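Protein sequence lines, in the order shown, are assigned to chains A and B.
According to my numbering, the first sequence holds residues 4 to 332 in order.
According to my numbering, the second sequence holds residues 4 to 332 in order.
Glycine included, C-beta positions come from ideal geometry on N, C-alpha and C.
Since this is a predicted model, take the numbers as computed values, not measurements.
Below is one structure, written out as structure tokens; the observations come after it.
Protein chains: 2
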Amino acid sequence: MTFKFKDVYINETSTITGPYESEGPLGKYFDLCHSDLYFGEKNWEQAEVKLIDEAINTLTRKSKVEINSVDAFIGGDLLNQIAASNYAMMKVNKSFIGIYAACSNSTLGLILGGSLIDGGFLNKVITFTSSHNTAAEKQYRYPVEYGGPKRKTTTFTSTGGVAALLSNETGKIKLESGTLGTVIDSGVTDVFNMGAVMAKAAADTIYKHLQDTGRDISYYDLILTGDLGVYGKEILKEYMYSEYNIKLKNYNDTGVMLYDIENQPVYAGASGPACASLVTYGYVFDKMKKGKYKKVLLAATGALMSPTMVNHKLTIPAISHAVSLEVIL
Amino acid sequence: MTFKFKDVYINETSTITGPYESEGPLGKYFDLCHSDLYFGEKNWEQAEVKLIDEAINTLTRKSKVEINSVDAFIGGDLLNQIAASNYAMMKVNKSFIGIYAACSNSTLGLILGGSLIDGGFLNKVITFTSSHNTAAEKQYRYPVEYGGPKRKTTTFTSTGGVAALLSNETGKIKLESGTLGTVIDSGVTDVFNMGAVMAKAAADTIYKHLQDTGRDISYYDLILTGDLGVYGKEILKEYMYSEYNIKLKNYNDTGVMLYDIENQPVYAGASGPACASLVTYGYVFDKMKKGKYKKVLLAATGALMSPTMVNHKLTIPAISHAVSLEVIL
């Protein structure tokens, strides 16, 4: 299901990161980079709340938009009960729509925000998401301190808080359309191979987006997925060709772009809800504004992994929500 | 933030329950009642997935609407990663919007569905939610088998799966408007007193709804909260009067209505995302169609409780999303 938006713009964004992200190749594109993973807080979860606090504060400062003039917030994160989002929202006395689409939170938030603005219900919306490496590892697999070895296919949950201000006031980045994803079962049970879990969901959404809009893949001068990593990226390319006869060119995965995979201890690359937005809001928007990319399709990918269901030996579902972004020069 | 809807109707609903709900005073109003908590599944979580499966199947059967003609599903549940919803959606190849607002999932789903229909993005939407007593107790507090004593203020998570079909085709129940809630901190840390955690959130949303619509509380001939329970209900009434000078008449709490509190082992009454919808879709809609109630305000309440954050000694946030329902006779 693809929504075409008439007048929705991403007027401003903010990107907060931890040390691994700032030391990666895109470090200079982020607004604020922390040198440790605590940020002065007592534990990983409170540190993740702080990522969202800072993303919202940085966004309102950069955009000169006061929180009081924002109609609603839309957000979610990886913690159980989207706790980081809820605790951040406790400090912001504003209408809140909590969402859960794992690492595709960012694009689901943009689609919902765009719909509510274009539908005439809201004027100004802030969407946000976050992830924190050690908070996520502790909850989903093992505490990092445990030091268990990992396979090469493992992705590395990025640490970041990201936010975007959406409105119908003309800005440089237009939210042109959005495609809601479908929950996909790829038959994978391996919690250390999220790229394989999610690749088919990305393919399904990209294909449906092209069908719904009547576009050829060449319409976009950049296609991004997030966060398949090195191996998932290859699976997606092969699957798109074998299943849909579509050759992915001008394509990259934000999980591959965020880190220097050769030289940082990040296995197959980045993951986490922050990943797709850090790369898009930081690096890609900068290049769009400079004319390098005009039309970008961002298909963020979420592994809907539940440790409880994994313990039941069930396969891991995945979903991908995609947005089409255009620069107005 | 209140959305007024032009043409959105709840065309059909479905209500699936466990044994405690069917043995309560509203038992005869539900579509399907199970006599145990397993429903033929191996564990509580798979049983909760089945509640959603059955709610969707019952809804499509009752409404004679095929799943293929539904544009999108909106849903969430209490399990970490809204796992019950995601695993149910894995069997339904349809666009899915995952939400998390704890026990106010149902009304958040209705507001989003209504907005997407009235905004012209979707024609037919199914919203759903679920809760399962023993799955929730195990995740949030202690496994029920542990047998720990509980305080009188404890609420009892209802077991149920509920779904609603929304469209712009005129039906008997009109979704007239919806008010998005704000995350509220009441300063409560007690995981056995969710009524106290949530009462202020309900008050905040009911008050904002009246302000936004310019209505007096007497506009509604039934005001419902879900799921404050016996003690939370009294806190709400006192708070509404002391804070806003509003006397709640024609008011009840769905957590108080679902069970026979005197004679069932349910402490302060029902809770869980299913609670508000079981009572509303089952009992209240029946009475609305028979002319007993014309205008109903349903403010479902969600305690955004995270066991991790509770272990950090933090207060428990809450949210309430409200919908205004009108019967067309």
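By alpha-carbon positions, which one of the options ends up nearest to residue i?
{"i": "B:K175", "options": "B:I19, B:Y284 and B:T182", "result": "B:Y284"}
{"i": "B:H135", "options": "B:R154, B:G21 and B:Y32", "result": "B:G21"}
{"i": "A:T132", "options": "A:F124, A:Y222, A:A199 and A:M92", "result": "A:M92"}
{"i": "A:K292", "options": "A:D39, A:K45 and A:L332", "result": "A:L332"}
{"i": "B:A259", "options": "B:S274, B:S327 and B:H315", "result": "Looking at the sequence itself, residue 259 of chain B is Val, so the reference to Ala does not match. Looking at the Cα atoms, B:S274 is the closest of the given residues."}
{"i": "A:N33", "options": "A:N171, A:I19, A:N46 and A:E44", "result": "According to the sequence displayed, residue 33 of chain A carries Phe and not Asn. Comparing Cα positions, the closest option is A:I19."}
{"i": "A:V95", "options": "A:N60, A:Y262, A:S189 and A:K65", "result": "A:N60"}
{"i": "B:N171", "options": "B:L115, B:L213 and B:K127", "result": "B:K127"}
{"i": "A:G79", "options": "A:Q142, A:L281 and A:A105", "result": "A:A105"}
{"i": "A:Y247", "options": "A:A87, A:A277 and A:L213", "result": "A:L213"}
{"i": "A:G30", "options": "A:Y286, A:K153, A:M312 and A:D121", "result": "A:Y286"}
{"i": "B:V313", "options": "B:E265, B:G190 and B:S72", "result": "B:G190"}
{"i": "B:K153", "options": "B:P268, B:C36 and B:P276", "result": "B:P268"}
{"i": "A:T160", "options": "A:L40, A:L35 and A:P28", "result": "A:L40"}
Compare the beta carbon distance of residue i and residue j with 9 Å and say whether it is the shorter of the two.
{"i": "A:T182", "j": "A:M308", "result": "no"}
{"i": "B:V11", "j": "B:L178", "result": "yes"}
{"i": "B:L169", "j": "B:I129", "result": "yes"}
{"i": "B:T397", "j": "B:Y23", "result": "For residue 397 of chain B there is no data in the structure shown, the boundaries of chain B being 4 and 332."}
{"i": "A:V194", "j": "A:I70", "result": "no"}
{"i": "B:G164", "j": "B:S38", "result": "no"}
{"i": "A:L119", "j": "A:L111", "result": "no"}
{"i": "A:V147", "j": "A:T137", "result": "yes"}
{"i": "B:H315", "j": "A:N89", "result": "no"}
{"i": "B:L225", "j": "B:Y254", "result": "yes"}
{"i": "B:L281", "j": "B:L261", "result": "yes"}
{"i": "A:Y143", "j": "A:P310", "result": "yes"}
{"i": "B:G229", "j": "B:A167", "result": "no"}
{"i": "B:S66", "j": "B:E26", "result": "no"}
{"i": "B:A87", "j": "B:E48", "result": "yes"}
{"i": "A:L115", "j": "B:L115", "result": "yes"}
{"i": "B:F8", "j": "B:G123", "result": "no"}
{"i": "A:P276", "j": "A:S72", "result": "no"}
{"i": "A:D121", "j": "A:K97", "result": "no"}
If you drop the 5 nearest sequence neighbours on each side, which residues of the same chain put their C-beta closer than 7 Å to that of residue i?
{"i": "A:D329", "result": "Residue 329 of chain A is actually Glu in this sequence, not Asp. Result list for A:E329: K177, E179, K297 and K298, in chain order."}
{"i": "A:A204", "result": "G184, I187, T304, A321, I322 and S323"}
{"i": "B:S107", "result": "G184, A303, T304, G305, I322, S323 and H324"}
{"i": "A:E44", "result": "A50 and K53"}
{"i": "B:T63", "result": "E69 and I70"}
{"i": "A:A271", "result": "K155, T156, T157, T158, G198, G232, V233 and Y234"}
{"i": "B:T216", "result": "T5 and S180"}
{"i": "B:F42", "result": "A50 and K53"}
{"i": "B:I264", "result": "V233 and G272"}
{"i": "A:Y222", "result": "K298"}
{"i": "A:Y145", "result": "G151"}
{"i": "A:P28", "result": "D263"}
{"i": "A:L35", "result": "I19, E57 and T61"}
Using a Cβ-Cβ cutoff of less than 6 Å, which residues in the same chain neighbour residue i once the five nearest sequence positions on both sides are dropped?
{"i": "B:K290", "result": "Y296"}
{"i": "B:F99", "result": "F76 and M92"}
{"i": "A:I220", "result": "I249"}
{"i": "B:T192", "result": "T318"}
{"i": "A:D56", "result": "A91"}
{"i": "A:S327", "result": "E179, S180 and L300"}
{"i": "B:D256", "result": "T228, L231 and K236"}
{"i": "B:E241", "result": "none"}
Say yes only if the C-beta of residue i is nearer than 8 Å to one or more non-hydrogen atoms of the ligand FAD, and no if none qualify.
{"i": "A:E140", "result": "The ligand FAD is absent from the structure shown, which contains no ligand whatsoever."}
For residue i, collect the residues of the same chain with a Cβ closer than 8 Å to its Cβ; drop the 5 residues on either side in sequence, then sort them by chain order.
{"i": "A:A243", "result": "The identity of residue 243 of chain A in the sequence shown is Met, whereas the question assumes Ala. If we look at A:M243 and ignore the five residues flanking it on each side, its Cβ neighbours are A206, I209, Y210, I249, K250 and L251."}
{"i": "A:Y103", "result": "G79 and I85"}
{"i": "A:R218", "result": "H212"}
{"i": "A:T173", "result": "D10, Y12 and I331"}
{"i": "A:G294", "result": "V330 and L332"}
Contiguous beta strand (DSSP E) assignments of at least 3 residues, all confined to the segment 79-122 of chain B
The qualifying runs are 98-101.
Does the segment 196-207 of chain A come within contact of the segment 219-238 of chain A, defined as at least 3 CB pairs closer than 8 Å?
At 8 Å Cβ cutoff, the stretches touch.
Runs of 3 residues minimum, wholly inside the segment 130-206 of chain A: which ones carry the beta strand (DSSP E) assignment?
Segments of the beta strand (DSSP E) lying fully in the segment 130-206 of chain A: 163-170 and 176-182.
Quick check on the DSSP output: what are the complete alpha helix (DSSP H) runs of length 4 or more inside the segment 45-71 of chain B, in order along the chain?
Segments of the alpha helix (DSSP H) lying fully in the segment 45-71 of chain B: 47-66.
Whole runs of the alpha helix (DSSP H) within the segment 280-307 of chain A, excluding any shorter than 4 residues:
Fully contained in the segment 280-307 of chain A are the following alpha helix (DSSP H) runs of length 4 or more, in chain order: 288-292.
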